[in-house]
Structure formats: C-alpha cells, structure tokens
Amino acid sequence: MTERRFRRIDAMLRRRQPDLTILAEDVYKPHNLSAMLRSADAVGIGRVHAVTPTGGLPTFNATSASAEKWVALDVHADLDAALDRVRAMGMQVFAAHLSAEAVDYRDVDYVRPTCILFGNERAGVSAAAAAAADAHVIIPMLGMVPSLNVSVATAVILFEAQRQRRAAGCYDRVALSERERNDLAMRWLYPRLVRHYDARGWALPRLTEDGALPAGLALPSDDDATSQATLAAERKRDSDT
3 MTERRFRRID AMLRRRQPDL TILAEDVYKP HNLSAMLRSA DAVGIGRVHA VTPTGGLPTF
63 NATSASAEKW VALDVHADLD AALDRVRAMG MQVFAAHLSA EAVDYRDVDY VRPTCILFGN
123 ERAGVSAAAA AAADAHVIIP MLGMVPSLNV SVATAVILFE AQRQRRAAGC YDRVALSERE
183 RNDLAMRWLY PRLVRHYDAR GWALPRLTED GALPAGLALP SDDDATSQAT LAAERKRDSD
243 T
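Reading the sequence shown from the start, the letters are residues 3 to 243 in the working numbering.
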C-alpha cells in the first residue's frame, strides 16, 4: 500500500454522497448493471440498491467487478423492501418513467436526499414502482428512438445530480464520519486483514494519517497462536502491496 493510493482513496471518501443513490428494478443484463455502478461511483455514490430480477442477480464480469469494489450493492428481494430502505434514510424517490405527470430530469432538485429508480431493459419501471415514486422524470428525446438504454439514462441523470450538488457545495462538505472513512479505507487497502477481524467480530484498527497500520498493532489476545501467526502474516502481505 502506498501513501499516494491512500490519499486518493481518502479524497474520494471525503466526496462521497451517502444521501444520493439509485435503485435498479429487475435490471438483468450484467453490462447494464456494471455501467450503472460505474456511473454511480463517478458522481460520488458509494451504495446503490437493486431488486433481484427473475433468475437472480446477473454475474459480474471483470469490468463490473472493478466497479463493484468501490460501490456497495444492496440487493433486495422485492420492491417494497428496497423502497422501505431508502425511505428510512429520508430520501425522495424519482422514477425514470414516461407518464403524463413526468417532468424534465433537469427540473427536479437532486440536492435533497434522493433515490433515482430505473426499470429493467424490457418493461421499464413497473406500475407499482411508478405509483410509489414521488415524481417521474424523463430525458427529452428529439430523434426517432423513444428512449435511452437504462445504463445511459442512469449516467445522464446522475451527472445532472452531480452538477446540482457541485453548485450547491455538497462535494466540499464531508458527509461520511471519520470512523466510516477509516473502515472503508481499511476494507480496500487491507482486505485480507479485514477478513480476519470481521470473522471474529473485532472492531477495525484506526489507520495512521498516511494510511498505514498503527505501529505495534496488538492482535487481540483471546485468539489462538495459529490464528495469531496467520493474522500477522496477512498483515505483512497487505502492507507490502
């Protein structure tokens, strides 16, 4: 682990927008979900939501696995569970959906806590999701094709949200707590070490200002000698990467 890499991760975490997210309803093509995750990361979203499509969540390829590393994906069994989660966070829900009430995607406020809901590749947003949304937004189309691919639509709308939030200074305010930033950085920089801590229910150690493990990090004494040796070896390997 290099200090330069830690500084880049820390700067990214300081710009994260925990009150902005997307919800993918039954999106079943891996490359679409992959692209949606990449767009989410690009605008500072650290966690997105998905409703499990029929047949299960698509398998990520190497490209999407890279995006998934930086963006947590919460998968919900049904739409109600997903909406309950984002509503509990105080978020308004905008559905990307063509209807008589739909407004231009640039004419809504994304500075407020917001979840943007996108439907699947075939049917779009379901009737239940459309009914549950606070508003419907559309991307005006001036050609012959009536709509954009779901991943492209996600990028277009999210970058409008980013534009509004940048203008409002949202990216200049650190939204994640110091503990949250520390633990996320630990998981990305020292994944093998974190697995040992998680398996035992231990709190993660605090990193130093340059992203290193604290000097003389004491391993919890209630673990057996073999595990202690394994953990020490994992710590060295992580420090060498």
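By construction, the Cβ of each residue, glycine as well, lies at the ideal position given by its N, Cα and C atoms.
Item: Under DSSP, the alpha helix (DSSP H) around V196 begins and ends at which residues?; Value: P193 to R202
Item: At the level of alpha carbons, what is the spacing between V29 and A217?; Value: 46 Å
Item: Below 8 Å CB to CB, which residues in the same chain sit around S128 once its five sequence neighbours on both sides are set aside?; Value: E27, D28, L81 and G121
Item: Could you check the C-alpha separation between D43 and L144 for me, to the nearest Å?; Value: 29 Å
Item: Using the C-alpha atoms, what's the distance from R194 back to R10?; Value: 21 Å
Item: Checking 8 Å against the spacing of the C-beta atoms, do I47 and Y107 come in under that value?; Value: no
Item: Three or more C-beta pairs closer than 8 Å, one from the region 15 to 26 and one from the region 173 to 191: is that the case here?; Value: yes
Item: Could you compute how far the alpha carbon of S149 sits from the alpha carbon of T210?; Value: 49 Å
Item: Classify P142: buried if its beta carbon has 16 or more other beta carbons within 10 angstroms, exposed otherwise.; Value: exposed
Item: Just checking my contact of L25 with V105 at CB under 8 Å: how many whole Å lie between their CB atoms?; Value: Actually they do not touch by this definition, with Cβ atoms about 19 Å apart.
Item: Just reading off the alpha helix (DSSP H) that Q94 is part of, what are its end residues?; Value: Not the alpha helix (DSSP H): Q94 falls in the beta strand (DSSP E), residues Q94 to A98.
Item: Any chance you could list the beta strand (DSSP E) runs of at least 3 consecutive residues sitting entirely within the region 103 to 181, in chain order?; Value: 116 to 120 and 137 to 140
Item: Which of helix, strand or coil does DSSP assign to D24?; Value: First, the amino acid is wrong: residue 24 is Ile here, not Asp. Residue state, collapsed to three classes: strand.
Item: What residue range does the beta strand (DSSP E) around D76 cover?; Value: A74 to H78
Item: Residues in its own chain within less than 6 Å of A37 by CB, not counting five upstream and five downstream?; Value: S153
Item: Terminal residues of the continuous beta strand (DSSP E) containing V53?; Value: R49 to V53
Item: Under 8 Å, do A187 and D12 count as touching if we go by C-beta distance?; Value: yes
Item: Less than 8 Å between the beta carbons of D185 and F8, yes or no?; Value: no
Item: Leaving out the 5 sequence neighbours to the left and right, which residues in its chain are closer than 7 Å to S101 when beta-carbon positions are compared?; Value: A132 and H138
Item: So, A155 versus A97, is the Cβ gap smaller than 8 Å?; Value: no
Item: Evaluate E162 with the Cβ neighbour count: other Cβ atoms within 10 Å of its Cβ, from every protein chain shown; 16 or more gives buried, anything less gives exposed.; Value: buried
Item: Classify K31 as helix, strand or coil using the three-state DSSP reduction.; Value: coil
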